[in-house]
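In full-length UniProt numbering, the protein residues as written are 1 to 145.
Where a beta carbon is used, it is the ideal one built from N, C-alpha and C, also for glycine.
Note sheet for the following structure.
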């Protein structure tokens, strides 16, 4: 074997098809593009995603529904009766998270009045509604934000 006798294996290199080079080639005149239509035109072969041939596309036929703000999902609600299941004493955001009353993605918590409260709680750094604040203070506790 010599360097000047090296050549690729049979069938490894294929000659490209030369279109539009006369009748004898079999791909003359229209060059395999057919007559008229978008695919026959220069630069018009690509159709936009979602295009349905002029029919009203699916994304425009269906109604637009709703909006969910990602910003509002950072405050978790804790109900009074859930709070009553904890031991009485000082409650902060870390204590609520440790008790699994607040999900991991929440950045703050808010106490909402639903149910009764029988224990004395001191809330620190936790938001509370007006009704929840009144119920906590009626049970002998306090709320500091």
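DSSP, reduced to helix, strand and coil, places residue 67 outside both helices and strands of the structure shown, so it counts as coil. Straight-line measurement puts the Cα of residue 13 at about 20 Å from the Cα of residue 25. Non-local C-beta neighbours of residue 103 in its own chain, meaning closer than 8 Å and more than five positions away in sequence, comprise 76, ordered along the chain. Membership of residue 136 in the alpha helix (DSSP H) is indicated by the continuous run 130-138. Inter-segment contact for the segment 76-95 and the segment 125-136 is present: three or more beta-carbon pairs are separated by less than 8 Å.
Within a 10 Å sphere around the beta-carbon of residue 101 sit 16 or more other beta-carbons, which makes this residue buried. The C-beta of residue 132 has 16 or more other C-beta atoms within 10 Å across all chains shown, which makes the residue buried.
The shortest CA-to-CA distance from residue 42 to any of 69, 33, 143 and 7 is the one to 33. According to the DSSP assignment, residue 123 belongs to the beta strand (DSSP E) that extends over 121-124. Per DSSP, residue 108 is one residue of the beta strand (DSSP E) stretching across 108-112. Per DSSP, the unbroken alpha helix (DSSP H) holding residue 83 starts and ends at 80-83. Under the three-state reduction of DSSP output, residue 23 falls in the helix class. The Cβ atoms of residue 81 and residue 114 lie closer than 8 Å to each other.
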